[in-house]
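Line by line, the protein sequences are chains A and B.
Numbers given in the numbering used here equal positions in the first sequence, counted from 1, plus 6.
Numbers given in the numbering used here equal positions in the second sequence, counted from 1, plus 6.
One structure below.
2 protein chains.
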Amino acid sequence: MYPPIIVTVDVVLMTLCLDVLCVALIRRPNAPFAGELALPGGYVHAQEDGNAEDAAYRILREKMGIRPPYLEQLATFAGDQRDPRGWSASIAYFALVSPTTEATWQPVNELKTLAFDHAAIIQAAVDRLRSKSAYSVLPAYLLPETFTLAELQKIYEQVLGSPLDKSSFRRKIKELDLLDQVAGSFQIGNQRPAQIYRLKKMMTFDRTLSQSAPRKTGRSGQ
Amino acid sequence: MYPPIIVTVDVVLMTLCLDVLCVALIRRPNAPFAGELALPGGYVHAQEDGNAEDAAYRILREKMGIRPPYLEQLATFAGDQRDPRGWSASIAYFALVSPTTEATWQPVNELKTLAFDHAAIIQAAVDRLRSKSAYSVLPAYLLPETFTLAELQKIYEQVLGSPLDKSSFRRKIKELDLLDQVAGSFQIGNQRPAQIYRLKKMMTFDRTLSQSAPRKTGRSGQ
DNA sequence: CAAGCATATTTGCTAAATGCAACTAACTTG
DNA sequence: CAAGTTAGTTGCATTTAGCAAATATGCTTG
């Protein structure tokens with residue numbers, strides 16, 4: 007055969023902290039890159055993990071205590087330069103969660119030097135989030151389960167980096183038909199209450215990236 | 007460490023044969039799946055291949071004698087079920103070439119059973135080609151270097167599976183501004199000659215999937 | 001060589017989608 | 001109950017896409 011190749015899974019876990027897109031980072035306890043910030047990741051456990059997505063969920067559970075409502079494969083970063091230990095392949099995932107969860111978040115625009123090529127991986131994840139946001143309801147996963155249309159529009163503007171027209175935005179969202187009104191629920195504040203929505207429960211199968219084994223999660227893929 | 011994981015690269019190499027989208031397949035000489043059709047692929051050679059893309063190009067060179075003008079990473083298919091030898095990860099690429107080249111091509115719509123999960127990988131590649139075709143000039147890589155707008159439109163219709171309006175198509179292509187007129191060149195037949203075009207030479211860097219090492223190819227990425 | 005044929009390319013119009021701004025609605029606060 | 005603030009809608013101008021017809025250009029044929 008051939009000399010063994012290091013196979014890891016790294017996850018770009020993103021959320022919004024005070025309206026700023028942030029990524030979860032962990033300070034590495036061990037070499038290589040001991041003490042530096044890195045994405046949550048780790049070796050594939052051939053015994054435990056049925057496939058790469060399982061490994062991603064396991065890593066998020068073990069290192070973050072989170073099971074994100076959205077997870078998709080990003081790309082695989084592989085080569086002889088990215089890890090001082092040798093030829094390595096990192097199967098990178100990207101995940102979105104609502105901002106409630108505890109973790110150490112770093113704004114994606116103010117990253118210091120990171121371990122490995124993790125800065126490039128994060129950049130790829132941000133690019134993917136942006137491009138998918140142009141035609142999908144992905145940014146909704148950055149919000150809590152229920153939200154108002156004004157909140158949703160704000161997230162889109164944050165992610166896309168440009169302001170959107172209110173009426174056009176609402177037209178588009180309605181014709182995509184991916185939200186459910188939470189009947190009778192309104193956000194109460196100092197002004198007119200706003201209708202509350204939630205993402206439709208939909209069994210989406212991510213054909214592109216699905217493994218041989220059927221997925222167990224309901225709310226995933228796009 | 008952990009038990010070694012099989013790391014391979016497989017390439018979905020597509021072209022058009024007589025207006026039908028086809029994929030290059032090879033009959034496997036060895037177990038597992040000896041005698042069955044499979045995608046061109048092979049182990050990563052840690053000594054030779056600087057990164058996964060290098061491995062894809064090497065495999066296409068060795069097994070197909072081709073260096074395709076378009077190559078991008080598709081996804082990684084990894085798990086314990088897809089290869090009888092154990093936990094394996096296949097970094098899948100997809101590539102487009104003009105129909106001139108010699109090889110054994112199979113129409114993507116009439117595939118028999120294939121080795122491993124290669125049918126799923128091909129399906130993912132076709133999906134990716136289709137979705138990218140909706141907003142890019144990707145299908146042009148399925149044509150020879152120079153072509154007419156009528157030929158290009160026909161390819162789009164083939165790939166997208168639905169007829170397109172002639173004037174709208176030409177408007178869109180022109181405003182995308184990704185083609186160069188080949189001045190003074192026309193396709194001569196029994197009718198009015200047609201203007202010949204070629205893809206603009208553009209240095210596109212595929213940020214999403216680029217490795218640490220810079221790419222050597224000019225015409226690649228999107 | 002003129003008429004007819006086949007395909008290329010453009011043009012004009014209609015319908016649909018989008019962008020912008022003003023308008024109405026509902027609630028709180030003083 | 002008037003003023004202020006945010007929610008949600010409506011009307012219209014502008015842009016874009018879809019469809020059909022007209023025009024252009026070369027070849028073939030009588």
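From the three backbone atoms N, C-alpha and C, an ideal C-beta is built for every residue, glycine too.
As the structure is a computational prediction, the values presented were derived from the model and not from experiment.
Close Cβ partners of residue i (< 6 Å) along its chain, the five nearest in sequence each way excluded
| i | result |
| --- | --- |
| W93 of chain B | I11 and D86 |
| V143 of chain A | L184 |
| P220 of chain A | Because the pLDDT of P220 of chain A is 28, which lies under 50, any placement of that residue in the model is unreliable, and the number read from its coordinates should be weighed accordingly. Excluding sequence neighbours, P220 of chain A sits near nothing in its chain. |
| I97 of chain B | V15, A58 and T82 |
| Y49 of chain B | T14 |
| H51 of chain B | none |
Candidates the options: closest to residue i by CA position
| i | options | result |
| --- | --- | --- |
| L45 of chain B | B:I127, B:V103 and B:V13 | B:I127 |
| E1 of chain B | B:Q197, B:P9 and B:T21 | Within the shown structure, residues of chain B are numbered from 7 to 228, placing residue 1 of chain B beyond reach of any answer. |
| D112 of chain A | A:I32, A:A189 and A:D60 | Here the sequence assigns Gln to residue 112 of chain A, which means Asp is not the residue at that position. Nearest of A:I32, A:A189 and A:D60 to Q112 of chain A, Cα basis: A:I32. |
| V114 of chain A | A:P9, A:K207 and A:A30 | A:A30 |
| A130 of chain B | A:Q79, A:A52 and A:Y147 | A:Q79 |
| C28 of chain A | A:S168, A:Q164, A:L182 and A:R198 | A:Q164 |
| R230 of chain A | A:Y162, A:P105 and A:A52 | Absent from the model: residue 230 of chain A. The displayed extent of chain A is 7 to 228, so no value can be given. |
| T119 of chain B | B:H51, B:R34 and B:G71 | B:R34 |
Inter-residue Cα distance where the pair is residue i and residue j
| i | j | result |
| --- | --- | --- |
| P74 of chain A | V18 of chain B | 31 Å |
| L149 of chain A | L170 of chain A | 18 Å |
| D133 of chain B | A101 of chain B | 13 Å |
| R91 of chain A | V13 of chain A | 12 Å |
| N57 of chain B | A81 of chain A | 13 Å |
| G41 of chain B | L66 of chain A | 41 Å |
| L24 of chain B | L43 of chain B | 22 Å |
| E181 of chain B | P145 of chain B | 17 Å |
| I179 of chain B | E54 of chain B | 40 Å |
| S191 of chain A | E157 of chain A | 15 Å |
| I194 of chain A | E68 of chain A | 37 Å |
| D186 of chain A | K206 of chain A | 5 Å |
| Y147 of chain A | V103 of chain A | 6 Å |
| D60 of chain A | A84 of chain B | 10 Å |
| T106 of chain A | R64 of chain A | 20 Å |
| S168 of chain B | S174 of chain B | 14 Å |
| A189 of chain B | M208 of chain A | 52 Å |
| I72 of chain B | N36 of chain A | 43 Å |
Which residues DSSP lists as bridging residue i, in chain order
| i | result |
| --- | --- |
| L185 of chain A | A:L205 |
| S96 of chain A | A:T14 and A:F83 |
| N57 of chain A | B:G85 |
| Q193 of chain A | A:A200 |
| Q164 of chain A | Answer is none; Q164 of chain A lacks a bridge partner. |
| R33 of chain A | A:L43 |
| E78 of chain A | A:F100 |
Same chain only: Cβ atoms within 7 Å of residue i, ignoring 5 sequence neighbours per side
| i | result |
| --- | --- |
| A125 of chain B | L117 |
| F229 of chain B | The question about residue 229 of chain B has no answer here: the residues shown for chain B are numbered 7 through 228. |
| R88 of chain A | S94, F122 and D123 |
| A62 of chain B | V15, V17, L77 and Y99 |
| V26 of chain B | P113 |
| M70 of chain A | L19, A30, P46 and A109 |
| N196 of chain B | none |
| R2 of chain B | Outside the modelled stretch of chain B, which goes from 7 to 228, sits residue 2 of chain B, for which no answer is possible. |
| S216 of chain B | Below a pLDDT of 50, predicted positions are generally treated as unreliable, and S216 of chain B, at 37, falls in that range; the measurement from the model is reported next regardless. Same-chain partners within the cutoff: there are none. |
Same chain, Cβ closer than 8 Å to residue i, neighbours up to 5 away in sequence not counted
| i | result |
| --- | --- |
| K172 of chain B | Q159 |
| L166 of chain B | R136, S139 and A140 |
| P9 of chain A | G92 and W93 |
Residue i Cβ short of 7 Å to the ligand ZN heavy atom set
| i | result |
| --- | --- |
| S174 of chain B | Inclusion of the ligand ZN in the displayed structure is not the case, the ligand content being empty and no account of it being possible. |
If you pair each beta-carbon of the region 198 to 209 of chain A with each one of the region 140 to 157 of chain A, do three or more pairs fall below 8 Å?
In short, these stretches touch, since the Cβ pair count reaches three.
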